[in-house]
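Have a look at the structure below, then the notes.
Protein chains: 4
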Amino acid sequence: MSSTPESAARHRRSAGFSGTSTPRDLPTTPRGLRTRTKLVEAARVVFERDGFLDARLVDITTEAGISAGSFYTYFDSKEEIFSAVLAEVEEEMLHPDVRQVTNGDDPVSMIRKANRAYLESYQRFSKFMRLLEQVASIDEDFRELRRKRGESFVQRNAKSIRQMQQDGVAGADIDPMMAASFLSGMVARAAYSRFVLGESWTIDEMVDSLTELWANALKIETPAS
Amino acid sequence: MSSTPESAARHRRSAGFSGTSTPRDLPTTPRGLRTRTKLVEAARVVFERDGFLDARLVDITTEAGISAGSFYTYFDSKEEIFSAVLAEVEEEMLHPDVRQVTNGDDPVSMIRKANRAYLESYQRFSKFMRLLEQVASIDEDFRELRRKRGESFVQRNAKSIRQMQQDGVAGADIDPMMAASFLSGMVARAAYSRFVLGESWTIDEMVDSLTELWANALKIETPAS
Amino acid sequence: MSSTPESAARHRRSAGFSGTSTPRDLPTTPRGLRTRTKLVEAARVVFERDGFLDARLVDITTEAGISAGSFYTYFDSKEEIFSAVLAEVEEEMLHPDVRQVTNGDDPVSMIRKANRAYLESYQRFSKFMRLLEQVASIDEDFRELRRKRGESFVQRNAKSIRQMQQDGVAGADIDPMMAASFLSGMVARAAYSRFVLGESWTIDEMVDSLTELWANALKIETPAS
Amino acid sequence: MSSTPESAARHRRSAGFSGTSTPRDLPTTPRGLRTRTKLVEAARVVFERDGFLDARLVDITTEAGISAGSFYTYFDSKEEIFSAVLAEVEEEMLHPDVRQVTNGDDPVSMIRKANRAYLESYQRFSKFMRLLEQVASIDEDFRELRRKRGESFVQRNAKSIRQMQQDGVAGADIDPMMAASFLSGMVARAAYSRFVLGESWTIDEMVDSLTELWANALKIETPAS
DNA sequence: AATGAATGAGGTTTCATTCAT
DNA sequence: TATGAATGAAACCTCATTCAT
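Residue numbers (the UniProt record's numbering), protein chains in the order written: chain A, 1 to 225; chain B, 1 to 225; chain C, 1 to 225; chain D, 1 to 225.
Laid out in structure tokens, this is it:
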């Protein structure tokens, strides 16, 4: 693994991921922009292949086809370029299919669709998700950053649950926030088990099972079932 | 992660966690045994405090009050002593309260008890659990090791679900293995959110909520409720 | 220092301050002249602020508001632009008040005026004087250059002392060259103590004290005192 | 000189010389003590030969005959080992001839003896004195440290001057502190001119001249002259 | 069995200088 | 002339591991 003397040394002093450093301005010239892009793409390849810890800056610059010193024209540290990769991937995750949950659907269909969308996205970005998991386990700041982002997602789910309770569709004795948090966690964990740990379920199986558990858990009444 | 060609060079002296190295025999003399124990305890302190990556062998030996060189009388690497710590903690986790689920209880009570036991154990060992999470995210071998151990736990749960289905207590259309895996995952994730990420739920709230979600998910009929 | 065999390798690209390089011609175009001037002024600011060693060329070009590459249109090295700054400051030091010692004055008044002029000039250029001190301590060539320049100053003083001896005003048993050198050194050192090290004497106190010591040292007879 | 790209980089971040860091304990074992001594001696050789700036740690360890990594067993930085060299040389400067100014002597003899002792010491340690000068010009902390040490020396001289004034031996209208400071500065500067800049005076000439100037400056009455 | 000093590989980082535009 | 991105040569520093005592 990664605790050889060399790599161990590399991890000792973290530069911090979030908040502490303001991202520097993008380069103004086309050439600079091109190089920066090459660097970020190379970093993603290397990070996903080797993990954050084993990724050496020289691997990244080599992959990008530039000299080691040029790295510092664009980033100050491995952490900083990781943040850039993160931003890029998030961009990519959101853009292609504007996660549109058709609101006309019945509750269970909506849950099913959301679960499928989540799993498919996780699959597509599975290498990156493993990377995220690693960085989160290494860096407290990043962990906190991630938690905060998850919170808003949970809140939306909680709101939706509350609505269902008011509509008499979901069980009234359930705490919406905790339920949203725990059920989202269940799905996230399942995706991790499948795409990082390598469990052998099919996505369809997973969607079916998770949707049923989720719907049952909320005691959602399916009128014509 | 640990076998891509690019990073191979840096792993020359890597030890790995599982399989590759047989744990060496315990020292024969009482003095040796005592020193080994001191080392393992020190390692646990340092690992839990600094994380696996930032823990230096010299920190461990200093904490143990022995010289740096003596480390190698007992262990070959950081990975090996980590395994020893792991074994020690597992011992400790099992010993004190032999997780006895009284089989006379009704299903929901049993689930509730299991959930509570899990959360309380997680709380007691929260520092260690965070450490486990980190090491799992770093090392593929360890991840696999962990997955395997979890499997038997899931299998037991699955068996129990199957039993409830046969008893007509739980919904018949549910896949027992997946349900067991996903619901266990839900609880594990909740514990992680609470004790590592720092969510502010009380354990009682969590037990109530998780138990209800779990029981609902399985459509467990509670006759006299 | 700059020619020991061991460190020679590191000096391959060293420029040196004096002799080795002929100052290149001034740019012909007005624009070029303007840019050069901006550079020299920026260099002075940066050198005085950060010292010679910590001054980076990029700091200088940034301060000048030009690009890093343009530096080499005008100068070959940090040493060369330092020489230009030196020339500029020397120009400035001489220009404003043409150090005219009224020859009608009595010897002690002349000494007093010279001392005051020296101290006031040192104060005005104290940042630069500290810089000079630093560069002298770093570079043997520059040290030699400076010594030579000081020599003519000492010689003038020595001549004046010799004159006073012939006039019977100063003690005859004094070596004029050494006296000139040592007493000038005393004043220079006092100025350094005051304006670089930060001693808290007032200039008036210093002038009084230095003048008295100087005059006494030469046994100057003050007829009507 | 030393502003090649390589060495410039080395100077950028100073670790500070004084106060900021507590000197670590001496090694306990004889072997460690021996190695540390070798290092300090090697550092002195390299510093005196190459100057502080051009001295590389690897030069020092090579000179000491140990590996580069071992440096950090004893010192944290170039600044720290410089402090150790400084301490060693100060030890050496004080030991051999316990600067005993025979108090029975007449004032001028005492001044002469002190001047000669100073110059001879400066000559013996001229390489080190040049080094001191360099470090002082580079590092503000060290400059301050040095100033403070000089102060007590000046104070002693001032006290002696005050005594002479009370005894009617020295001119009463002289400020003792300033006179002490300026005259000491004169001697120090003369020594620097001679042994660092390379002026070609003999020590005897210098002693004669400096002593006469000093005595005259204080208007010391030499009864039988 | 214990000690602790010594080793050495190699990634990171800096910035004067070059060069294509 | 001007630009500013790209280069590349080293020095620094760390710490798991070895080894003489």
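Here a beta-carbon is modelled for each residue, glycine too, at the ideal position from N, C-alpha and C.
State yes or no: is the C-beta of residue i within less than 8 Å of the C-beta of residue j?
i	j	result
residue 174 of chain B	residue 212 of chain A	yes
residue 46 of chain D	residue 63 of chain D	yes
residue 153 of chain B	residue 83 of chain B	no
residue 120 of chain C	residue 196 of chain C	no
residue 229 of chain D	residue 125 of chain D	The displayed coordinates of chain D run from 1 to 225. Any statement about residue 229 of chain D would go beyond what the structure contains.
residue 221 of chain B	residue 131 of chain B	no
residue 179 of chain A	residue 161 of chain A	yes
Would you say residue i touches the ligand ATP, meaning its beta carbon is less than 7 Å from a heavy atom?
i	result
residue 53 of chain A	Looking for the ligand ATP in the displayed structure turns up nothing, as the structure carries no ligands at all.
Tell me the rounded alpha-carbon separation between residue i and residue j.
i	j	result
residue 73 of chain B	residue 205 of chain A	51 Å
residue 215 of chain B	residue 217 of chain A	7 Å
residue 194 of chain C	residue 181 of chain D	11 Å
residue 148 of chain A	residue 157 of chain A	15 Å
residue 79 of chain C	residue 71 of chain C	13 Å
residue 37 of chain D	residue 192 of chain C	36 Å
residue 188 of chain D	residue 186 of chain C	9 Å
residue 202 of chain C	residue 141 of chain A	54 Å
residue 69 of chain B	residue 52 of chain B	20 Å
residue 57 of chain A	residue 144 of chain A	25 Å
residue 91 of chain B	residue 26 of chain B	16 Å
residue 60 of chain A	residue 35 of chain A	12 Å
residue 109 of chain B	residue 150 of chain B	23 Å
residue 135 of chain B	residue 112 of chain A	33 Å
residue 117 of chain B	residue 159 of chain A	30 Å
residue 54 of chain D	residue 43 of chain D	12 Å
Applying the criterion that 16 or more other CB atoms from any shown protein chain within 10 Å of the CB defines a buried residue, is residue i buried or exposed?
i	result
residue 75 of chain C	buried
residue 86 of chain B	buried
residue 137 of chain B	buried
residue 40 of chain A	buried
residue 219 of chain B	buried
residue 107 of chain B	buried
residue 184 of chain D	buried
residue 33 of chain D	exposed
residue 210 of chain D	buried
residue 23 of chain A	exposed
residue 226 of chain C	Residue 226 of chain C lies beyond the range of chain C shown here (1 to 225); nothing can be said about it.
residue 200 of chain D	exposed
When you compare the CB of residue i with every CB in chain A, is at least one pair closer than 8 Å?
i	result
residue 203 of chain B	no
residue 38 of chain B	no
Between residue i and chain C, is any beta-carbon pair separated by less than 8 Å?
i	result
residue 47 of chain D	no
residue 3 of chain D	Note that residue 3 of chain D has pLDDT 39, beneath the 50 cutoff, so the model's placement of it is unreliable and the number below is only indicative. Closer than 8 Å: yes.
residue 33 of chain D	no
Under 8 Å between C-beta atoms, does residue i make it to chain D?
i	result
residue 138 of chain C	yes
residue 43 of chain C	no
residue 186 of chain C	yes
residue 209 of chain C	yes
residue 128 of chain C	no
Using a Cβ cut-off of 8 Å (strictly closer), state whether residue i contacts chain B.
i	result
residue 134 of chain A	yes
residue 212 of chain A	yes
residue 190 of chain A	yes
residue 179 of chain A	yes
residue 65 of chain A	no
residue 193 of chain A	yes
residue 234 of chain A	Outside the modelled stretch of chain A, which goes from 1 to 225, sits residue 234 of chain A, for which no answer is possible.
residue 219 of chain A	yes
residue 174 of chain A	yes
In terms of residues, what are the limits of the alpha helix (DSSP H) holding residue i?
i	result
residue 187 of chain A	176–192
residue 68 of chain C	Note, residue 68 of chain C: premise wrong, no alpha helix (DSSP H); not H, not E.
residue 159 of chain A	140–166
residue 51 of chain B	30–54
residue 60 of chain B	57–64
residue 22 of chain D	No alpha helix (DSSP H) holds residue 22 of chain D; DSSP gives it neither H nor E.
residue 75 of chain A	Unbroken run through residue 75 of chain A: none, as it is neither H nor E.
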